[in-house]
Structures are given as C-alpha cells and as structure tokens.
Amino acid sequence: MGTWYMYFPFFSSEVKCGAAALDVADRQNAHSMTLAVRGVVELFRLVTREKELHRQILAFSISYDHRSVRIYGHYPVIEDKKTTFYRHPIRTFDFTELDGKEKWTAYKFTKSVYDIWMPAHFKRLCSAIDAIPPDIHFNLSEESDLQFSTSSGLSIVII
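In UniProt numbering, the protein residues as written are 1 to 159.
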C-alpha cells in the first residue's frame, strides 16, 4: 500500500533577521510542524493506533537568527476524537556567547535527530502504513480544518 509518494516531514528550520525575527520563525515552524504531526496522527487514526502517539514528540524545529537559537519538539495530545497540538521548548541559547562555545549545538542536535530518533520514527510510520486496509479510499481536500488558539499564541493548535 505504501508508495514513495507518501511524505511525513519531521523537521523544520527557519532563519530570520530583524526585529521580532525569532517570533516569526517560531510561528512558521509551529505551523509547518503542526501540519506534519497532524498527518501522522491521521495516518495512525486510520489504523486505530492513534493512542500510540499521545504526548510523543513526532517532529522537531529550529528557529534562529544571527545569534540566538530555539529548538522545539512538537507533539499531539489525543483525547478521543479531539487532537490538540503542542510544542515543547527543548533548548534556547545564544551561540555567540562564551566565544562561540555553543556554535555546534544545533548541528549536533540535528544530527542526533537524524541518526538516533528518525530510524525509530520511520519504523513506526512503516508499521502504520503496512496496516492500512486495502479497501481504504482517501478523500483529499485542499481545505484545512485547523483552528489556531489565539489565547496561547504559538503553542497550541486544536482540531
């Protein structure tokens, strides 16, 4: 059932400069990774295994400017049919301080995501794809039913 046309992104990076640059990058990353996590939740919901994903980090993002870095993990909270999407701050730092002591931290984190976390995530995705019943027909829609919470700013999306 699975094809090479299936995409499940799990990492996003945004760089910005200027006033409030990191906040803009954070919003763009939050939107991108919410859509990515939503796709994984919908896949697992299709095979009635969505509970496996409850509060599990399914995507990562890095936002940075000329001196600061913010790293987040993105995850769903699944309660019956309702899914709420959150991001968890993993690390925030200034890579110019201490004579650049932290200049490789974002690279090392990204490398670890690809080398350690991603293979297990890939296996999890493959097992769900392999469990899709052959008689399933997908309804594709251009419209999104995502609702962004205005009270909490960047951290929550509710569907």
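Glycine is no exception: its CB is placed at the ideal position from the N, C-alpha and C atoms. All of these numbers come straight from a predicted model, not from anything done at the bench.
Local conformation of residue i per DSSP, three classes
| i | result |
| --- | --- |
| residue 160 | The question about residue 160 has no answer here: the residues shown for the chain are numbered 1 through 159. |
| A128 | helix |
| A21 | helix |
| K103 | coil |
Chain-order list of residues whose beta-carbon lies under 6 Å from that of residue i (same chain, five-residue window excluded)
| i | result |
| --- | --- |
| I78 | E50, H54 |
| E102 | F93, F95 |
| I62 | S13, I71, A106 |
Same chain, Cβ closer than 7 Å to residue i, five either side skipped, listed in chain order
| i | result |
| --- | --- |
| G39 | F8 |
Cβ-based burial, residue i [other Cβ within 10 Å; buried from 16]
| i | result |
| --- | --- |
| M33 | buried |
Nonlocal neighbours in the same chain, by C-beta distance under 8 Å from residue i, ignoring five residues either side
| i | result |
| --- | --- |
| S68 | L22, T92, F93, D94, F95 |
| C17 | D65, H66 |
| M6 | I129 |
Whole-angstrom C-beta distance between residue j and residue i, which should lie under 8 Å
| i | j | result |
| --- | --- | --- |
| A59 | V37 | 5 Å |
beta-carbon residue i near the ligand ADP non-hydrogen atom, thresh 8 Å
| i | result |
| --- | --- |
| I136 | Only the bare structure without any ligand can be found here, which leaves the ligand ADP out of the picture. |
Is the segment 87-94 in contact with the segment 60-79, if contact means three or more CB pairs nearer than 8 Å? Contact annotation: the segment 87-94 touches the segment 60-79, with at least three C-beta pairs closer than 8 Å.
Between the segment 45-52 and the segment 124-136, do three or more beta carbon pairs fall short of 8 Å? These segments touch.
Any contact of the segment 6-25 with the segment 111-131, i.e. 3+ C-beta pairs under 8 Å? Flag = yes, the segment 6-25 and the segment 111-131 touch.
Count the C-beta pairs between the segment 95-111 and the segment 20-39 that are closer than 8 Å, then say yes if the count reaches three, no if not. No, the segment 95-111 is not in contact with the segment 20-39.
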